[in-house]
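Undergrad: Just so we're on the same page, the numbering used here is the position in the sequence shown counted from 1, plus 2.
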Amino acid sequence: MENVIKAGIFGVCIGDALGVPVEFKTRETLKRFPVVTMREFGSWNQPKGTWSDDSSLTLCLADELTKGYDLEKIGQSFVKWNKYGHWTAHGKLFDIGGTTRHAIARLIKGESARFSGNIFEEDNGNGSLMRILPLAFYLKNEENIEKLYQTVKEVSSITHGHFRSVFACFIYVIFAIELIKGKDKKEAYSHIQKIALEFSENQGFNPKEIQLFDRVLKNDISRYEEDTISSGGYVLSSLEASLWCFLNTESYSEAVLKAVNLGEDTDTTGAITGGIAGIYYDFENIPEEWVDVLVRKDDIEKLCSKLETQLLK
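Right, here's the structure in full:
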C-alpha cells in the first residue's frame, strides 16, 4: 500500500511542479517550446521542483487522514495553509483560487467545513478536484457507494459544493480506486463509466447535470481530438483533460508532459493527471531526476509512510 500511496502523492506533486513554471502559457507557445523536464522560475519565479496549491491542499488532506477522518480538522488544515504556510513548498503560498479563498475566509470566521463551500454554478473551478486524490486511498475498501459518494461530497464541499464539482471528484476517486486495485486502465475506465451512470440514475441526479459528463461517461474521452480538449480551470475541462492525457499515453512521464503541454492551467492538469498516472505506473517509474529536485521530498515521503500506517490499522 505504501508504494501506491507514495506513487499517487508524488505523482500529484511532480505533475504540479512540472506545470508551475509555465502556468498560463498557451498551447501554441508550448508546442513551440514544450516542457520536457523540470524547469525553474517562469510564471511564478519559483525554484525548480516547487509545487503549488494543488499539492499543498492534497498534502493537507493526506496529513489529516493520517489521524482518521474529521471534516472540521481538514477544513482547519486549509486555514493553516492559507494563514501560516502549512504544507507549502517554501513556507508561504503563492497561488490560490477564488472559490477556495472565499471558502477559507468563511472557515476563518468560524463557519463549519460542512457549509463553507461555494454552491453556485460559477463556482465550478478545479480547486477541489486537484486535491481529492488521498480520499481514494482512504475509501479504497468502501463497498457502500452512497457512503463513498457522501465522503467525497463532504471533502469537495469544504470549498466547492456545487454538484458538478462533487460529481467530477467522485468520478476521479472511483477511477483512482480501480487503478489502486490493479485494473488495466481501459478496463478501469469502462467499469467506472458503468458505476457512475448507474449510481446517478439510482440517486435521481439532475439529468441536465449528468449530460454534461457525457464525453467522459457515455463516450470514450480518449478518442477525442486534442483541439476539443480544454485545459483551463473549469472542473469538467480538467477532468476530461487529465483522463485524456492518462488514457492516451504509456508512461508516467509521457502522461504528465502531455498534460502540462496542453497549456493554460498547467500545474493543475499536471497534478490531476499525475495522481492517477503515478498510481498506475508505480513510483519506480517516475523519473528519478524529477523526484530528486522535488521540494520537501523527504517530508512528503514521511507523510506517505504515516498515511500507510494509519490505513493499515
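Glycine residues also receive a C-beta, built at the ideal position from the N, C-alpha and C atoms.
Exposed or buried, Asp56, counting other C-beta atoms within 10 Å across all chains shown (16 or more means buried)?
TA: With 16 or more Cβ atoms within 10 Å of its Cβ, Asp56 is classed as buried.
Undergrad: With H, G and I counted as helix, E and B as strand and the rest as coil, what does DSSP make of Tyr86?
TA: In the structure shown, Tyr86 sits in a helix (DSSP, three-state: H, G or I).
Undergrad: Look up His162 in the DSSP assignment and say whether it is helix, strand or coil.
TA: Collapsing the DSSP output to three states places His162 in a strand.
Undergrad: Going by other Cβ atoms of all chains shown within 10 Å of its Cβ, with 16 needed for buried, is Phe36 buried or exposed?
TA: Checking the sequence shown, residue 36 turns out to be Pro, not Phe. Exposed, because fewer than 16 other Cβ atoms sit within 10 Å of the Cβ of Pro36.
Undergrad: In the segment 119-181, which residue ranges form an unbroken alpha helix (DSSP H) of at least 4 residues, counting only runs that do not cross its ends?
TA: 136-140, 147-158
Undergrad: Nearest CA to the CA of Ala243: which residue from Thr275, Glu25, Ile212, Val297?
TA: Thr275
Undergrad: Going by DSSP, which residues form a beta bridge with Tyr236?
TA: Gly127
Undergrad: Whose C-alpha, out of Pro136, Tyr191, His88, Trp83, is nearest the C-alpha of Arg103?
TA: Nearest in C-alpha terms to Arg103, of all of Pro136, Tyr191, His88, Trp83, is Trp83.
Undergrad: Would you tell me roughly how many angstroms separate the C-alpha atoms of Asn47 and Met132, rounded to the nearest one?
TA: 22 Å
Undergrad: Suppose the cutoff is 8 Å on Cβ atoms and the five residues either side in sequence are ignored; what does the same chain contact list for Val154 look like?
TA: Ile134, Leu137, Leu141, Val168, Cys171, Phe172, Val175
Undergrad: In or out: Gln2 buried (at least 16 other Cβ within 10 Å) or exposed?
TA: As displayed, the chain neither begins before 3 nor continues past 315, which places residue 2 out of reach and without an answer.
Undergrad: Look at the Cβ atom of Gly10, then the Cβ atom of Ile288, and state whether they are nearer than 8 Å.
TA: no
Undergrad: Which residue marks the beginning of the alpha helix (DSSP H) containing Asn204, and which one marks its end?
TA: 187-205
Undergrad: For the alpha helix (DSSP H) that contains Thr52, what are its first and last residues?
TA: Looking at the DSSP string, Thr52 is not in any alpha helix (DSSP H), and its letter there is neither H nor E.
Undergrad: Taking 8 Å as the threshold (C-beta atoms), are Thr268 and Val38 in contact?
TA: Taking 8 Å as the Cβ cut-off, Val38 and Thr268 do not qualify as a contacting pair.
Undergrad: Rounded to the nearest angstrom, what separates Tyr282 and Ile110 at their Cα positions?
TA: 37 Å
Undergrad: Determine which residues share a DSSP beta bridge with Thr68 and list them.
TA: Gly70
Undergrad: Buried or exposed for Gln213, going by 16 or more other Cβ atoms inside 10 Å?
TA: exposed
Undergrad: For a cutoff of 8 Å on Cβ pairs, would you count Lys27 as touching chain B?
TA: Although the question refers to chain B, the structure presented lacks it and comprises just one protein chain.
Undergrad: In angstroms, rounded to a whole number, what distance separates the CA positions of Lys183 and Glu189?
TA: 12 Å
Undergrad: Expressed to the nearest angstrom, what Euclidean distance is found between the alpha-carbon atoms of Thr230 and Ala261?
TA: Taking the straight line joining both Cα atoms gives about 14 Å.
Undergrad: Determine the direct distance from the alpha carbon of Met40 to that of Lys50, and round the result to whole angstroms.
TA: 6 Å
Undergrad: Between Gln78, Glu123, Leu95, which has its C-alpha nearest Ser114's C-alpha?
TA: Gln78
Undergrad: Give every residue of the same chain whose Cβ lies closer than 8 Å to the Cβ of Glu211, excluding the five residues on either side of it in the sequence, and list them in chain order.
TA: Phe165, Arg166, Phe169
Undergrad: According to DSSP, is Phe215 helix, strand or coil?
TA: coil
Undergrad: Does the beta-carbon of Gly100 have 16 or more other beta-carbons within 10 angstroms, so that it is buried, or is it exposed?
TA: exposed
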